[in-house]
Amino acid sequence: MKRFDWRVLSGPRVSRRTLMQMALATGAVGFAQWLSACAGGGATPTAAPAAGATPQAVPATPSGATPTAAATPAGEARRGGTLRLGFGIGQILTLDPAQVTQGIVAGELVSNIFSSLVQFDKDLGLIPDLAETWEVNEDGTEYTFHLRDGLKFHNGDPLLAQDFIYTYERTTNPDFASPHANKLNLITSITAPDELTLVIKLSEPYAPFLATACSRGPGRALTPISKRAIEEMGDQQFGLTPVGCGPFMVVPESVEVGKGFRMVAFEDWYGGRPLLDEIIVQIIPEPSSRISALEAGDVDMLDIVPASGVEQLKANDRITLVEAPGTNWIGLTMNYKRPPWDNVDARMAVSKAINRQEFIDKALFGLAVPSIGAIAPAFGWVYVPPEQWGENPQGYNLEEAKALAEKSGIRGTSVKILSSAQDPRPEEVLRTMLQEIGLDVQIEQLQDAAYNERWKAGDYDMNINGSVVDADPDDGHWNFFHSKGPWNTYGYNNPKVDELLEGTRKTNNQDERRQMWHEIQRILQRDVAYAFLYHTPDRTAFYTYVKGYVAIPEMRYLETVWLEK
Amino acid sequence: MAREPGIAPAQVAHDRLSALAEQRRAAAGNRFWRRLRAERKALLGLFLVGLLALLALVGPGIAPYHPDADDFGLFQPPSLSHPMGTDSFGRDLLSRMIVGTRVSFTIGILAALIAMVTGVLLGLVAGFYGRWVDSLIMRFIDLLWAFPVIVLTVGMVAIFGAGARNVVIAIALAYLDDFARVVRAEVLRLREEDFTLAARAVGADNLRIMLRHILPNTAAPIIVQATFAVGLGILAESGLTFLGLGVDPSTPTWGLALNEGRDFVRQAWWISVFPGLAIMLTVLSLNLFGDGLRDALDVRTVSEAE
Amino acid sequence: MTQYIVRRLIHAVFIVWGCATLVFFMIRLIPGDPVLQMLGPEYTPEAAEALRHKLGLDQPIYVQYLKWFSSVLRGDLGDSIATGETVVGAIKTGFPKTLSITVLSFLIALAIALPAGIVAALKRNSLIDYLVSVLAFAGVSMPGFWFGIILIILFAVQLRWLPAVGYASLTKEGFWPWLSHLLLPSLAVGTGYAAILMRFVRAGLLEVLGMDYVRTARAKGLAEWTVIARHALRNSLIPVVTVAGIQLALLLSGAVVIETVFSIRGLGRILVGAIFDKDYPIVQGVILLIAVIFVMANLIVDIIYTFLDPRIRYG
């Protein structure tokens with residue numbers, strides 16, 4: 167096996183290509199997939215938006231020089247103004263990076279309040295953030311970061327290498343119970359030879375380390391925290407009114423849980439004062455109210471556009487809809503621990519009864535692409551579109567489905583599908599489709615807390631779920647299909663899949679790896695580990711006077727945004 | 224939620240107050256019917272309720288399509304073949320509405336019945352026996368009352384899970400106290416009436432007095448209250464569904480249809496307008512009927528106007 | 269009378285205690301672990317255990333209860349599990365919003381109900397009476413969220429007169445921002461409320477109009493409107509005010525649907541959100557407050573009744 171030189175990960179800039187090669191070479195395939203997907207690079211047939219995409223829908227991955235959305239071809243960036251951001255969540259549980267578990271809060275809010283060691287550019291390469299440059303040793307076990315001079319926290323305190331050590335200690339303190347502490351497991355030492363130099367040693371190479379632990383947004387575990395602020399206000403208050411080091415600072419008096427908060431420009435941000443004076447984050451949990459709020463002009467921008475509102479916003483020519491490829495897969499799981507679902511014929515009958523395109527048309531208004539496996543279409547190097555894949559044993563075939571339903575004895579029986587309360591559309595469409603094979607589906611709707619607990623405990627017959635993007639979507643396979651995967655709550659256990667999954671982490675030959683992933687996909691299809699359903703894109707929307715937005719999938723870095731009004 | 228600006232407690236207060244005002248309640252059936260006929264609102268309400276009840280009975284038989292058939296195209300506006308259009312799944316809305324009539328009515332009526340039976344029993348016992356029995360029961364009723372309806376229903380459904388049965392029980396529990404109060408107030412008044420005293424004087428036992436003498440005399444406010452409760456139950460179902468706590472989404476109720484339309488009010492108004500109108504019309508009919516009934520049963524008000 | 273009030277006060281304390289205790293145990297019956305909810309799907313058992321310990325949720329339930337109870341007696345309602353804000357702080361942010369909606373919707377209801385009720389009573393059994401009654405009942409027969417959504421689309425999205433969602437503080441942002449945000453939700457609540465009030469105005473007025481003193485006033489040759497305004501209406505409003513007391517207390521917890529549609533985080537939404545998140549301290553604290561308000565309103569109404577009708581004996 168060829169020995170890899172990890173020094174290519176050194177900065178001031180690591181291209182996406184390098185990151186991908188590195189990731190592939192070291193088995194962090196999921197991470198590579200994410201990079202590949204997010205950049206949506208040339209050849210990939212990215213999640214094709216539904217028919218009738220409007221002209222103002224801007225491709226998320228401009229290949230040209232301008233990083234901004236195409237809506238701002240030649241505008242002169244202006245300073246000042248207030249951006250009102252409608253945010254779709256019940257309540258923001260915390261803004262403390264080390265505690266955030268709500269993905270959109272991490273990617274879209276915390277990333278504006280906190281800078282980190284490195285950050286993503288529009289092509290998803292890593293570029294400097296607080297660290298001006300960095301080096302990685304040949305073994306990939308030692309990272310040396312050189313911080314910018316004169317960095318400051320929002321409270322005016324200098325930000326130095328010691329602050330990262332404090333942050334490390336805080337995050338990994340068992341009493342603090344950070345859900346992200348596990349991302350720092352491999353660190354054996356973290357030292358500061360001088361105020362501007364940070365040295366981190368790992369027990370073994372770990373390719374996604376920069377992205378999962380050190381990046382702005384997803385790298386929550388090592389996002390630097392002001393020690394003085396913590397001592398002054400305590401952990402709980404810090405979660406409400408954090409003192410960060412990013413382009414915008416939270417106005418403490420404005421924070422109202424469940425209503426939102428204000429952020430103002432941080433004059434001393436190393437990148438210079440951001441263009442906007444102020445951002446008002448307004449929480450609007452109801453999807454229909456969120457769309458109304460945008461159209462009524464209550465807010466200038468939405469974080470995420472619900473599928474049900476896409477048609478309506480497309481028809482509004484004052485609003486720009488931006489679509490970026492999201493990397494995810496969604497499927498139907500049938501619990502192996504609950505007969506008859508341990509019988510592959512029963513699972514196959516269900517899968518074959520689902521017409522994927524029709525399912526997407528009805529449940530998601532056509533705003534997704536059919537899925538044949540857990541590899542998202544954006545992963546160009548390994549993804550094979552359904553029409554080129556050849557035979558997909560779990561594809562739609564009603565006659566075979568009926569025969570299998572008869573054979574496995576599920577005809578005329580009933581089954582419960584566990585559903586969260588938010589939007590049971592997919593479950594409803596599924597229910598109608600499965601009537602065709604004589605299976606009566608009852609939808610069991612639960613609130614999030616109860617839903618998560620039941621899912622985690624594997625207490626369900628059927629459930630629609632899948633993997634959505636984070637910085638290390640290798641989880642998307644390993645976590646769901648490895649017999650010891652943490653999200654394998656349905657009892658899937660195929661030693662061959664385990665072996666292949668482990669294999670993909672050991673080899674660095676891309677062809678070999680591709681073959682392995684395809685082999686895994688073939689087995690997953692045959693086993694009906696999941697009945698794979700669809701992949702969805704990431705969407706945001708704003709008024710046309712909002713300029714300078716750089717679309718980075720799942721992120722909303724807002725320092726480049728300005729208002730033309 | 225559930226107690227959308229509720230009628231019920233107001234109703235309670237009203238009955239308490241009219242209890243003060245009234246000296247005696249005439250119960251003769253023919254007079255009642257004559258007055259009811261005079262109450263045109265009530266007749267209108269009765270007529271509409273009757274029509275809907277008929278629809279609930281024969282509903283599935285006359286629905287043009289199967290309520291789950293979803294191959295008619297999404298968001299088709301009302302047309303001859305689909306008078307109410309199709310919904311966001313491509314199902315015929317009219318068929319779902321017709322089938323939903325039965326489900327919604329059943330939920331409303333069952334909830335009202337359970338609330339009525341339990342509430343009446345509690346109110347009867349509390350009012351009749353008075354003293355510590357009354358205190359005990361009424362403290363429990365106060366507890367139910369002071370306990371916000373919303374928490375009661377949301378909590379119940381959260382504990383026992385969504386689904387028609389639990390929704391019914393939750394709604395019933397939330398409105399039970401109204402019956403208990405109405406009945407108790409009546410009993411308190413009737414207890415002092417001549418016929419009760421007379422019955423006691425001739426040695427009738429308590430059970431007999433309660434069942435033979437007092438209960439029939441409380442029938443009027445109970446019926447009025449029950450009429451309102453059915454409407455409240457139907458409204459509460461739609462509210463619970465709005466909060467994601469309604470019946471299994473596979474059951475076609477009006478509340479569910481309304482909720483499924485709420486994200487598309489602008490692009491497909493019919494999906495939420497028809498279920499909304501159906502709910503409104505039904506509850507309105509029940510309210511008008513109940514209101515007319517109250518007026519018809521309320522001797523004093525009627526005689527004043529005559 | 270004093271003795272009765274004292275006894276009712278004792279009862280009131282009992283009710284509040286009962287509600288608080290009931291909810292304490294009830295919320296713990298709801299499936300779902302608040303700790304897992306907070307940690308998200310990637311939690312580790314160690315982190316869950318640490319958090320449970322930090323929150324005191326690893327102690328026996330009666331110990332939790334006694335601890336909570338004793339801190340309530342000391343005036344400390346605790347901190348939210350989910351967000352870390354103090355329960356008192358959450359109530360302080362939520363209460364003004366719900367109170368604003370309640371008061372404004374009551375005023376709107378009154379503005380509709382008074383004239384409608386008077387007209388309906390004076391023109392009893394006329395076409396106007398029917399129309400007014402039917403319209404009023406239509407208001408209370410609509411699912412609140414549906415009406416709310418229609419109001420948003422009409423006045424915010426189409427006409428752009430009023431904001432679609434949110435709340436502006438009266439003290440911080442001024443009167444018009446406050447009012448403009450509240451008009452639509454209050455209208456949605458108030459129209460339903462109006463039907464009830466209108467019924468009472470009508471019924472009360474009808475009753476009073478038949479009384480001797482009104483007849484006397486009329487006989488004295490006073491103008492019809494003077495009779496109604498000076499004599500009849502004033503007396504017929506007593507029950508209205510009584511009912512309003514109960515309704516106000518009810519609305520405080522009942523506006524959750526409207527609060528959701530309009531994205532206003534008032535008491536109702538705080539409470540329901542906390543039930544969903546299993547945020548025990550918030551649920552307990554808010555219920556405590558609502559129970560207190562409720563019981564007090566109820567007590568006052570009952571006392572008024574006793575004054576009104578000496579025949580009602582409280583054994």
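Chains as they are written, first to last, in my numbering: chain U, 167 to 731; chain W, 224 to 529; chain E, 269 to 583. Each residue gets a CB set at the ideal place from its N, CA and C atoms; glycine is no exception.
Check: For residue 712 of chain U, does the three-state DSSP call read helix, strand or coil?
Finding: For this step, residue 712 of chain U is matched to residue 546 along the first sequence. The answer is strand: DSSP assigns residue 712 of chain U an E or B state.
Check: Is the beta carbon of residue 319 of chain U less than 8 Å from the beta carbon of residue 283 of chain U?
Finding: As a working mapping, residue 319 of chain U is identified with position 153 in the first sequence. As a working mapping, residue 283 of chain U is identified with position 117 in the first sequence. Not in contact: residue 319 of chain U and residue 283 of chain U (Cβ atoms no closer than 8 Å).
Next item on the list: State the DSSP-derived secondary structure class of residue 334 of chain U, mapped to helix, strand or coil.
Entry: Translated into the one-based positions of the first sequence, residue 334 of chain U becomes position 168. If DSSP states are grouped into helix, strand and coil, residue 334 of chain U belongs with the helices.
Next item on the list: Kindly list, in the order they appear in chain U, the residues whose Cβ is closer than 8 Å to that of residue 537 of chain E.
Entry: Reading the third sequence from its first residue, position 269 is the one you call residue 537 of chain E. Simply 424.
Check: Which chain E residues are close to residue 503 of chain W, counting only those with a beta carbon under 7 Å from its beta carbon?
Finding: The residue given as residue 503 of chain W occupies position 280 in the second sequence. In chain order: 406, 409 and 410.
Item checked: For residue 509 of chain U, the first and last residue of its enclosing beta strand (DSSP E) -> Sequence index remark: in the first sequence, residue 509 of chain U carries index 343 (1-based). Element bounds for residue 509 of chain U: n/a, residue is neither H nor E.
Check: What separation, rounded to the nearest whole angstrom, lies between the Cα atoms of residue 617 of chain U and residue 584 of chain U?
Finding: In the first sequence, counting from the first residue as 1, residue 617 of chain U sits at position 451. In the first sequence, counting from the first residue as 1, residue 584 of chain U sits at position 418. Their backbone Cα atoms lie some 8 Å apart in a straight line.
Margin query: Applying the 10 Å Cβ sphere with the 16-neighbour rule, what's the burial state of residue 564 of chain W?
Written below: Lying before the first or after the last residue shown, residue 564 of chain W is absent from chain W, which here runs from 224 to 529.
Margin query: Can you check whether the C-beta of residue 332 of chain E is within less than 8 Å of a C-beta belonging to chain U?
Written below: The residue you call residue 332 of chain E lines up with position 64 of the third sequence. No - not a single Cβ of chain U is within 8 Å of the one on residue 332 of chain E.
Check: From what residue to what residue does the alpha helix (DSSP H) around residue 368 of chain W run?
Finding: For the purposes of this step, residue 368 of chain W is taken as residue 145 along the second sequence, with counting starting at 1. Here the alpha helix (DSSP H) through residue 368 of chain W covers 354 to 369.
Check: Is there at least one Cβ from chain W nearer than 8 Å to residue 454 of chain E's Cβ?
Finding: As a first step, residue 454 of chain E must be located in the third sequence, where it is residue number 186. No, its Cβ sits nowhere closer than 8 Å to a Cβ of chain W.
Checklist line | Option in W:465, W:479, W:517 and W:445 with minimal Cα separation from residue 316 of chain W | finding: Your numbering for residue 316 of chain W matches position 93 in the second sequence. Per the Cα distances, W:479.
Margin query: Taking CB distances under 8 Å as the criterion, tell me whether residue 499 of chain W reaches chain E.
Written below: Sequence index remark: in the second sequence, residue 499 of chain W carries index 276 (1-based). Yes, residue 499 of chain W lies at the interface with chain E (some Cβ there is under 8 Å from its Cβ).
Next item on the list: List the endpoints of the continuous beta strand (DSSP E) containing residue 700 of chain U.
Entry: The residue given as residue 700 of chain U occupies position 534 in the first sequence. Start and end: 697 to 701.
Notebook entry, point to check: What do you reckon, are the CB atoms on residue 716 of chain U and residue 706 of chain U nearer than 8 Å?
Noted result: What you label residue 716 of chain U is simply residue 550 of the first sequence in a count that begins at 1. What you label residue 706 of chain U is simply residue 540 of the first sequence in a count that begins at 1. Contact flag unset, no.
Item checked: Assigned exposure category for residue 301 of chain E - 16 Cβ within 10 Å defines buried -> Taking the third sequence and counting its residues from 1, the one referred to as residue 301 of chain E is at position 33. Residue 301 of chain E comes out buried.
Check: If we call anything under 8 Å between Cβ atoms a contact, is residue 462 of chain E one with residue 404 of chain E?
Finding: Counting from one through the third sequence, the residue named residue 462 of chain E turns up at place 194. Counting from one through the third sequence, the residue named residue 404 of chain E turns up at place 136. Going by C-beta atoms, residue 462 of chain E is nearer than 8 Å to residue 404 of chain E.
Margin query: So for residue 611 of chain U, helix, strand or coil by DSSP?
Written below: Start at 1 with the first residue of the first sequence, and residue 611 of chain U comes out as number 445. In this structure, residue 611 of chain U counts as strand in the three-state DSSP scheme.
Margin query: Can you tell me whether residue 490 of chain U is helix, strand or coil according to DSSP?
Written below: In the first sequence, the residue the question calls residue 490 of chain U occupies position 324. The answer is strand: DSSP assigns residue 490 of chain U an E or B state.
Margin query: Going by DSSP in three states, residue 484 of chain W sits in which element: helix, strand or coil?
Written below: One-based indexing of the second sequence puts residue 484 of chain W at position 261. DSSP places residue 484 of chain W in helix when its eight states are reduced to three.
Notebook entry, point to check: Terminal residues of the continuous beta strand (DSSP E) containing residue 251 of chain U?
Noted result: Reading the first sequence from its first residue, position 85 is the one you call residue 251 of chain U. That run of the beta strand (DSSP E) goes 248 to 253.
Check: Going along the chain, which residues of its own chain have a beta-carbon closer than 8 Å to the beta-carbon of residue 324 of chain W, five neighbours each way excluded?
Finding: Against the second sequence, residue 324 of chain W aligns to sequence position 101. Excluding sequence neighbours, residue 324 of chain W sits near 275, 278, 279, 282, 477 and 501.
Notebook entry, point to check: What do you get for residue 696 of chain U, buried or exposed, if any count of 16 or more other CB atoms within 10 angstroms of its CB means buried?
Noted result: If you number the first sequence from 1, residue 696 of chain U lands on position 530. By the neighbour-count rule (16 or more Cβ atoms within 10 Å), residue 696 of chain U is buried.
Notebook entry, point to check: In whole angstroms, what is the alpha-carbon distance linking residue 362 of chain U and residue 435 of chain U?
Noted result: The residue you call residue 362 of chain U lines up with position 196 of the first sequence. The residue you call residue 435 of chain U lines up with position 269 of the first sequence. Rounded to the nearest angstrom, the two C-alpha atoms are 17 Å apart.
Notebook entry, point to check: Any beta-carbon of chain U closer than 8 Å to the one on residue 367 of chain E?
Noted result: Sequence index remark: in the third sequence, residue 367 of chain E carries index 99 (1-based). Not closer than 8 Å to any Cβ of chain U, the Cβ of residue 367 of chain E fails to qualify, so no.
Next item on the list: Return helix, strand or coil for residue 705 of chain U, following the three-state DSSP convention.
Entry: For the purposes of this step, residue 705 of chain U is taken as the residue at position 539 of the first sequence. Strand at residue 705 of chain U.
Checklist line | Range of the contiguous alpha helix (DSSP H) that encloses residue 667 of chain U | finding: One-based indexing of the first sequence puts residue 667 of chain U at position 501. Its alpha helix (DSSP H) spans residues 661 to 670.
Notebook entry, point to check: When you compare only the Cα positions, how much space is there between residue 369 of chain U and residue 355 of chain U?
Noted result: Here residue 369 of chain U is taken as the residue at index 203 of the first sequence, counted from 1. Here residue 355 of chain U is taken as the residue at index 189 of the first sequence, counted from 1. Approximately 9 Å between the Cα atoms of the pair.
Next item on the list: Note down, one range per segment and in chain order, each beta strand (DSSP E) of at least 3 residues found wholly within the stretch 312 to 370 of chain U.
Entry: 353 to 360 and 363 to 368
Note to self: Would residue 365 of chain E and residue 435 of chain E be called neighbours here (beta carbons separated by less than 8 Å)?
What the structure shows: Taking the first residue of the third sequence as position 1, residue 365 of chain E is located at position 97. Taking the first residue of the third sequence as position 1, residue 435 of chain E is located at position 167. Yes, they are a contact pair.
Check: Which of helix, strand or coil does DSSP assign to residue 309 of chain U?
Finding: The sequence position of residue 309 of chain U within the first sequence is 143, counting from 1. Strand at residue 309 of chain U.
Item checked: Three-state class that DSSP yields for residue 285 of chain E in the structure shown -> Translated into the one-based positions of the third sequence, residue 285 of chain E becomes position 17. In this structure, residue 285 of chain E counts as helix in the three-state DSSP scheme.
Check: Candidates U:456, U:458 and U:430: which alpha carbon is nearest residue 446 of chain U's?
Finding: In the first sequence, residue 446 of chain U corresponds to position 280, counting from 1. Among U:456, U:458 and U:430, the Cα nearest to that of residue 446 of chain U is on U:430.
Checklist line | Rounded C-alpha distance that separates residue 554 of chain E from residue 535 of chain E | finding: As a working note, residue 554 of chain E is residue 286 in the third sequence. As a working note, residue 535 of chain E is residue 267 in the third sequence. If you take the alpha carbons of residue 554 of chain E and residue 535 of chain E, they lie about 7 Å apart.
Next item on the list: Using a cut-off of 9 Å between C-beta atoms, extract the partners of residue 351 of chain E located in chain U.
Entry: The sequence position of residue 351 of chain E within the third sequence is 83, counting from 1. Residues of chain U passing the Cβ test: 257, 258, 259, 260, 402, 405, 406, 423 and 424.
Notebook entry, point to check: So, using beta-carbon positions, are residue 400 of chain W and residue 355 of chain W closer together than 8 Å?
Noted result: As a position in the second sequence, residue 400 of chain W is number 177, starting the count at 1. As a position in the second sequence, residue 355 of chain W is number 132, starting the count at 1. Not in contact: residue 400 of chain W and residue 355 of chain W (Cβ atoms no closer than 8 Å).
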